[in-house]
Amino acid sequence: MKTLVSILTFLSLSSAHAIVGGRPVTDGSFRQSVALVFKNSASESQGEAYCSGTLLNAKYVITAAHCLVLGAKQFKLTTDEFQKRTWIYVGDSQVESTRPLLPAQFQTVRFFMPPQNDSIFSDLAVLELNEAVDLQHYQIQIAPLAVADKSMIGRELIHVGYGMTDNQGPKGTKSLMSLPLRSLNGYDGLQVGEYQRSGPSACHGDSGGSAYLIDQDGVLKFIGVENAISNHPCGTAATYFVPITAQILQWLGTITKI
């Protein structure tokens, strides 16, 4: 059994751990990894971080579909209405006293999802932004996409997300963890970490976050989207990612032209 780790504690301080064993990102790295932020109105200067995502290019962000679907249910909104109140924050963590509030800069204008079914591969969503992100201004280097395959097993997977920072804390801290890729299959996708063993894992707010791997040429590649942990407390759980496949690449290409 797996647990979605996005907004099951949305707008609350439910008991959970952070990316235990990870580290906060404060050096401007991984700027292509972003936070999904909920704002009731465009006039608000800040909103509440609820999930994570990754810039595919200057106009599109990929995340987990359940971030939007569960968020809409939480607020008794349609998915379309909830998406229109979702903004994107680009940058490092803010000072601790402001979390989970983040000064999101870019509004989303529409979303795309693959055909929905029971497969993990349907737990994806692409958000289109209201304007292109100035990649040079924000010092963002987009990570090329790579199809995940079993030759990657045993190599270090890097996960970046904006999840909770401690077992009573808010979301909104940009953190990363690095663990060997343990397995890849059609049911669980990519797996790092182990069941009921202390170590780094994703937690609430990390859903939709980035999975990266440095290839044999030293190039950082984007290979998946965080979507669940095993049904154990954060910090003692395995973490799962929807892997990039050839079919997903084709689907993304029809939307983003990447």
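FYI, this note's numbering numbers position 33 of the sequence shown as 155, with every residue one higher than the one before it. Every residue gets a Cβ at the ideal spot worked out from N, C-alpha and C, and that includes glycine. Values in this document were obtained by computation on a predicted structure and should not be read as measured data.
Query: What is the rounded straight-line gap between the Cα of Y362 and the Cα of I184?; Result: 16 Å
Query: Do T367 and Y182 have their CB atoms nearer than 8 Å?; Result: no
Query: Compute the Euclidean distance between the alpha carbons of S241 and Y309, then round it to the nearest angstrom.; Result: 7 Å
Query: Residues bridged to Q77 by DSSP?; Result: The structure shown has nothing for residue 77, since the chain only spans 123 to 380.
Query: Could you spell out where the beta strand (DSSP E) holding C189 opens and where it closes?; Result: Run containing C189: none in the beta strand (DSSP E); it sits in the alpha helix (DSSP H), 187–196.
Query: What are the start and end residues of the alpha helix (DSSP H) that includes G375?; Result: 368–378
Query: Does S174 pass the burial test, meaning 16 or more other C-beta atoms within 10 Å, or should it be called exposed?; Result: buried
Query: Is S352 helix, strand or coil when you go by DSSP?; Result: strand
Query: Going by the CB atoms, is the gap between V255 and F228 shorter than 8 Å?; Result: yes
Query: Among the residues of its own chain, which have a CB less than 8 Å from the CB of D149, if the five just before and after it don't count?; Result: D214
Query: Within 10 angstroms of the Cβ of S352, are there 16 or more other Cβ atoms? Answer buried if so, exposed if not.; Result: buried
Query: Exposed or buried, what is T176 when buried is set at 16 or more other beta-carbons lying within 10 Å of its beta-carbon?; Result: buried
Query: Taking Cβ to Cβ, would you say L190 is nearer than 8 Å to T200?; Result: no
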